[in-house]
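K.L.:
Dumping the structure here so I can ask a few things about it.
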């Protein structure tokens, strides 16, 4: 067919062809190809590919991502080289090492004990970030699992609502402080105290989301195909909730870091020998006017950590919503 | 045609479906009686809110019934039945949904959507067999096997509806409830889907319960039709019989409302308006009475005599 088309005289677009020049030979029969009708020409769609494309599209996101990576690398690698220890007061008698303002030698200056603030901040950031990440992971995992069951089972709903009503009416800060007092100070004790009740908020949030999704028609369709509830949750409902879960994580992570800072400031939570941003801030708060760098640098690093985590989380949540992919 | 020697696949007896309880109780469907024979396309027609979808969903076990029986292959499938029995009948009765974009999981590939039922009932021996089954099914509904790993939103409405048909029919069901399968589709692709359903009825002997409100579509596709209004079946007959000799006034008014694609004829036609108050059911209770062989009408005895007289 292609050949016969080539043999026919080809006219430019818009030229007027005299009617008597057209013969029957100029026409060829083109049959309708049913298979061709069904073809989809758009490139293959990949959910996570589109998420990555959308996520990396913004320059602010890339800047925040780099900032976060630098902070993470510094706080997880630098302490190994500096060997910073809170209880090390070896320089306390070296007067030249005390209260140095930030300089080429001491980037962030030194404190009353002659310890470098630069080392102290990264060692502290490591603890704070670890607590934030671990606590929000535990909260989200327990919250999402329990929330999904809560959202589909009427029996569980009745019991959980009562538990939720009781727990959510007690201030969470009070619960955390009481728990960390009674279990004693320590890294894992603090995480336990923070996650002990925080998951119920996430679970309640997930319950509502699951309830909205579960009566959608495609879930009814899955039910008529004999799909068990567990698979409906995993394959049908949770994929739709990716972006709300990511949003929730992006809010939980900075808030856990702030909790740790606040508790350490009050002197509850971590044991005496563990450095953290909260401890640095509380320890240096008397120097706010005399040696302001001692107080403001840890605060600045804390702000950078929470802001970058929050913005990245929000951008990731937006990008993971397929409605933004168009 | 004699219906008595045909095999009954689904039989509905005195079905009643209510929603809510106490003061807010609402009776959606009542006194519904009909049989569906093996291999036929049985249509339920009625206006919006008449309860046709509710009946379809009750057959699938999505809507709980408050009274009456649904008997499928000789066994009751509504009310309290063991989860094992329910699981078994779920495979045999499948559903085609009205809205193809709402009824497909947007985050799953076509491969998973069509195989979902196969996974649940382990209807394959090896991964290869499963993929082959899915590919065969895709070709049977006119889609291309290379589209296996695409997502629903990449398809057109007609293609999506055919995916919905494929996922129901791959289960090898005995009965398929098609809940207005073409009302969400464009005019130009309705025939495509209807012909596909007819093809499966002809080639595989699948029985359909077809729910629709479009009478011309129903006339084209079905073997028998039941007309439903306000939760009650008013008339049931074979397709041509119903269109030629409608007995119940409501059916007559429905048929007079079918659009005619010729303005001159349409202008001269008289539309019949149905007024439910013409029935006086205060003394004699109405029943589902067989006026002619295979032609049932919901009326009381006085009306039945009248209808029979009019026939002659």
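Chains as they are written, first to last, in the numbering used here: chain W, 1 to 326; chain F, 327 to 638. Every residue, glycine too, gets a C-beta built ideally from N, C-alpha and C. This structure is a prediction, so every number in the text was calculated from the model and none was measured.
1) Less than 6 Å between C-beta atoms, sequence neighbours within five positions excluded: which residues of the same chain meet that for residue 279 of chain W?
2) Quick one: measure Cβ to Cβ for residue 303 of chain W and residue 246 of chain W, integer angstroms, because I've assumed they're closer than 8 Å.
3) So is residue 530 of chain F buried or exposed if we call it buried at 16+ other beta carbons inside 10 Å?
4) Closest Cβ-Cβ distance between residue 483 of chain F and chain W: below 8 Å?
5) Taking the alpha-carbon positions, what's the residue 578 of chain F to residue 410 of chain F distance?
6) Got a sec? Which residues, its chain only, sit under 7 Å from residue 121 of chain W by beta carbon, not counting five neighbours each side?
7) What are the complete beta strand (DSSP E) segments, minimum 3 residues, inside the stretch 558 to 623 of chain F?
8) Below 8 Å on C-beta distance, what does residue 429 of chain F contact in chain W?
9) When you check each C-beta in the stretch 403 to 415 of chain F against every C-beta of chain W, which residues fall closer than 7 Å?
10) Can you tell me whether residue 322 of chain W is buried or exposed, with buried defined as 16 or more other CB within 10 angstroms of its CB?
11) List the residues of chain W that residue 399 of chain F touches, going by C-beta distances under 7 Å, in chain order.
12) Please classify residue 385 of chain F as buried or exposed, where buried requires at least 16 neighbouring CB atoms within 10 angstroms.
13) If you follow the beta strand (DSSP E) that residue 419 of chain F is part of, which residue opens it and which one closes it?
14) Only counting runs of 4 or more residues, tell me where the alpha helix (DSSP H) segments fall wholly within the stretch 395 to 449 of chain F, in order along the chain.
15) Using C-beta distances below 7 Å, list every residue in its chain close to residue 152 of chain W, excluding the 5 sequence neighbours before and after it, in chain order.
16) Can you look up residue 127 of chain W in the DSSP assignment and give me helix, strand or coil?
17) Measure the beta-carbon distance from residue 325 of chain W to residue 50 of chain W and round it to whole angstroms, keeping in mind my assumption that it falls under 8 Å.
18) Is the CB-CB distance between residue 312 of chain W and residue 74 of chain W below 8 Å?
19) Going by DSSP in three states, residue 62 of chain W sits in which element: helix, strand or coil?
20) Residue 225 of chain W CB to nearest chain F CB: under 8 Å?
21) With a CB to CB cut of under 7 Å and the five nearest residues on each side skipped, what residues in its chain are close to residue 236 of chain W?
22) Excluding sequence positions up to five away, which residues of its chain have a Cβ less than 8 Å from the Cβ of residue 180 of chain W?
23) What residues from the stretch 233 to 259 of chain W come within 7 Å of chain F, judged by C-beta to C-beta, listed N to C?
24) Can you pull the chain W residues whose beta carbon is under 7 Å from the beta carbon of residue 423 of chain F, in chain order?
25) Assign residue 4 of chain W to one of two classes, buried (16 or more other C-beta atoms within 10 Å of its C-beta) or exposed (fewer than that).
26) In angstroms with no decimal places, state the Cα-to-Cα distance between residue 327 of chain F and residue 40 of chain W.
27) Does the distance from the C-beta atom of residue 574 of chain F to that of residue 553 of chain F stay below 8 Å?
28) Pairing CB atoms from the stretch 560 to 570 of chain F with CB atoms from the stretch 378 to 393 of chain F, are three or more of them under 8 Å?
29) For a contact meaning CB atoms closer than 8 Å, what does residue 386 of chain F contact in chain W?
30) For residue 157 of chain W, I'd like the list of residues in its chain whose CB is within less than 7 Å of its CB, leaving aside the five on either flank, ordered along the chain.
31) Is there at least one Cβ from chain W nearer than 8 Å to residue 473 of chain F's Cβ?
32) Can you give the Cα-Cα distance for residue 560 of chain F and residue 625 of chain F, rounded to whole angstroms?
33) Does the beta carbon of residue 493 of chain F sit closer than 8 Å to a beta carbon anywhere in chain W?
P.N.:
Short version:
1) Spatial neighbours of residue 279 of chain W in its own chain (CB-CB distance under 6 Å, excluding positions within 5 residues in sequence) are listed in chain order as 264.
2) Incorrect: roughly 22 Å between the Cβ atoms, too far for contact.
3) exposed
4) Judged by the 8 Å Cβ criterion, residue 483 of chain F is not in contact with chain W.
5) 45 Å
6) Answer for residue 121 of chain W: 108, 280, 297, 298 and 301, listed in chain order.
7) You should have 558 to 564 and 613 to 618.
8) 217, 218, 220 and 221
9) 413
10) buried
11) The contacting residues do not exist; residue 399 of chain F stays about 17 Å from chain W at best.
12) buried
13) 419 to 422 is the span of the beta strand (DSSP E), which, as asked, contains residue 419 of chain F.
14) 409 to 418 and 436 to 447
15) The beta carbon of residue 152 of chain W is closer than 7 Å to those of 210, 214, 229 and 233 in its chain, skipping five residues each way along the sequence.
16) helix
17) 4 Å
18) No; because the gap between Cβ atoms is not below 8 Å, this pair is not in contact.
19) DSSP places residue 62 of chain W in helix when its eight states are reduced to three.
20) yes
21) 218, 219 and 222
22) Once the five neighbours on either side are set aside, the close Cβ partners of residue 180 of chain W are 189, 190, 193, 263, 268 and 269.
23) 235, 236, 239 and 240
24) 217 and 221
25) Below a pLDDT of 50, predicted positions are generally treated as unreliable, and residue 4 of chain W, at 48, falls in that range; the measurement from the model is reported next regardless. Looking at its Cβ environment, which holds fewer than 16 other Cβ atoms inside 10 Å, residue 4 of chain W is exposed.
26) Residue confidence for residue 327 of chain F is low, a pLDDT of 48 falling below 50, so the modelled location carries little weight and cannot support an answer.
27) In this structure, residue 574 of chain F sits near residue 553 of chain F, with a CB-CB distance shorter than 8 Å.
28) A contact is defined here as three or more CB-CB pairs under 8 Å, and the stretch 560 to 570 of chain F fails this definition with respect to the stretch 378 to 393 of chain F.
29) 224
30) Counting only Cβ-Cβ distances below 7 Å, and skipping sequence neighbours, we find 150.
31) yes
32) Rounded to whole angstroms, residue 560 of chain F to residue 625 of chain F spans 8 Å at the Cα level.
33) Yes, contact with chain W.
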